[in-house]
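With this note's numbering applied, the sequence shown has no gaps in its numbers, which climb one by one up to 1669 at the end.
Inspection log for the structure reproduced underneath, given as structure tokens.
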Amino acid sequence: MMISTSFASRDVERLVQGTPVSDGAGVKLLRVLTQDLQRRLDPFLMLDEFRSDNPDDYIAGFPDHPHRGFETVTYMLAGRMRHRDSTGGEGVLASGGVQWMTAGRGIVHSELPEQEDGLMHGFQLWLNLPSDQKMGTPGYRDIPAGSIPRYTAAGGVEVQVIAGAADGVAGAVERPVTLPLYLDIHLPAGSTHEVTIAEGHNAFVYVYQGAAGIGEHGRAVHERQMAILDNHPGRGGVALASAEGARLLVVAGRPLHEPIAQWGPFVMNTREEVEAAIDDFRHGRF
1384 MMISTSFASR DVERLVQGTP VSDGAGVKLL RVLTQDLQRR LDPFLMLDEF
1434 RSDNPDDYIA GFPDHPHRGF ETVTYMLAGR MRHRDSTGGE GVLASGGVQW
1484 MTAGRGIVHS ELPEQEDGLM HGFQLWLNLP SDQKMGTPGY RDIPAGSIPR
1534 YTAAGGVEVQ VIAGAADGVA GAVERPVTLP LYLDIHLPAG STHEVTIAEG
1584 HNAFVYVYQG AAGIGEHGRA VHERQMAILD NHPGRGGVAL ASAEGARLLV
1634 VAGRPLHEPI AQWGPFVMNT REEVEAAIDD FRHGRF
């Protein structure tokens, strides 16, 4: 599908198929942004999609587990998940809501389903922290669906602004260093839309329903595929189109250009810092 527009759009550099994995206490996930893409998509470390109407795939949830050195952004499309953590934080993430958790120097939390059947569908995105914030104070924020800014663009395109800003609409969350942009966009059949992305920021599009034409040449991206966007200079963002209708995420951020040292739930800058995180967790210092 060709997109006819004067907008200077980035193009699709590469398509990525997600990898089925099991995490937590056996929750089935599609891991879309994997560890080998962390440097290319800096500051983003991981993107998982969970989607199932079979309780056996999600009912055990994610019992107590630690994190250090980054942020987790959980966006729930359908279902309910209860969060509890070692700082005393607790809340229920319901359909359409977002939980933005900063692990900082260390947090232990659990994410357990608040339902016994029905559809559970959502995403978890990991966003790296700069080195001078990795040992900061942990915390989390629940953002209900009604508090996420949204607007309707030309052609009936619906945009939810989870983070950053789009078309002058400020999102629910802003971060001053990584400047993340996180949009959920619903494209009606036959619609087009243009998203502004700052030059030099790494960006990707994940189609979670339908199919879309993405980029300068309208590259076809199908359901549950991620399109990594190129970083060519002079291109103001990405052009989107869909003949039959699509729902997708647009994610972008300013790279940190810092070393990444990861061992499971700990993401630091050096191996020594990771080893310190493991030792601190084992000895109850989170």
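Every residue gets a Cβ at the ideal spot worked out from N, C-alpha and C, and that includes glycine.
*Is H1492 buried or exposed, if buried means 16 or more other CB atoms sit within 10 Å of its CB?*
Stepping through the sequence shown from its first residue, residue 1492 is reached at position 109. Buried, by the Cβ-count rule.
*Cβ-Cβ distance between V1578 and V1621 below 8 Å*: On the sequence shown, residue 1578 is found 195 positions in, with the first residue counted as 1. On the sequence shown, residue 1621 is found 238 positions in, with the first residue counted as 1. Yes.
_R1488 - DSSP class collapsed to helix/strand/coil_ = As a position in the sequence shown, residue 1488 is number 105, starting the count at 1. Assignment of R1488 by DSSP, reduced to helix, strand and coil, places it in the coil class.
_Less than 6 Å between C-beta atoms, sequence neighbours within five positions excluded: which residues of the same chain meet that for D1436?_
In the sequence shown, counting from the first residue as 1, residue 1436 sits at position 53. L1502.
*When DSSP builds the beta bridges, which residues end up paired with V1395?*
For the purposes of this step, residue 1395 is taken as residue 12 along the sequence shown, with counting starting at 1. Its beta-bridge partners are L1612.
*Leaving out the 5 sequence neighbours to the left and right, which residues in its chain are closer than 8 Å to I1568 when beta-carbon positions are compared?*
In the sequence shown, the residue the question calls residue 1568 occupies position 185. Closer than 8 Å at the Cβ level, and outside the excluded window around I1568, lie V1540, E1541, V1542, Q1543, H1576, V1578, L1623, R1630, L1631, L1632 and V1633.
*Neighbourhood of D1525 by C-beta distance below 6 Å, restricted to the same chain and skipping five residues each side*: Counting from 1 along the sequence shown, the entry for residue 1525 is found at position 142. G1474 and Q1482.
*So what does N1511 bridge to, in DSSP terms?*
Reading the sequence shown from its first residue, position 128 is the one you call residue 1511. N1511 is bridged to F1453.
*For R1654, which of helix, strand or coil comes out of DSSP?*
Counted from its first residue, the sequence shown places residue 1654 at position 271. Reduced to three states, the DSSP call for R1654 is helix.
*Tell me D1525's beta-bridge partners as DSSP assigns them.*
Position 142 of the sequence shown, counting from 1, holds the residue named residue 1525. DSSP, once it has assigned bridges, lists Q1482 as partnering D1525.
*Using DSSP with H/G/I as helix, E/B as strand and the rest coil, what is S1387?*
Mapped onto the sequence shown, residue 1387 falls at position 4. Because S1387 sits at a pLDDT of 44, beneath the cut-off of 50, its placement in the model cannot be relied upon, and the following sentence gives the value as read from the coordinates. Secondary structure at S1387: coil, using DSSP grouped into helix, strand and coil.
*Any 3 or more C-beta pairs closer than 8 Å across the stretch 1512-1522 and the stretch 1476-1490*: yes
*Measure the beta-carbon distance from R1434 to H1504 and round it to whole angstroms, keeping in mind my assumption that it falls under 8 Å.*
Here residue 1434 refers to the residue found at position 51 when the sequence shown is read from its first residue. Here residue 1504 refers to the residue found at position 121 when the sequence shown is read from its first residue. Confirmed, about 4 Å.
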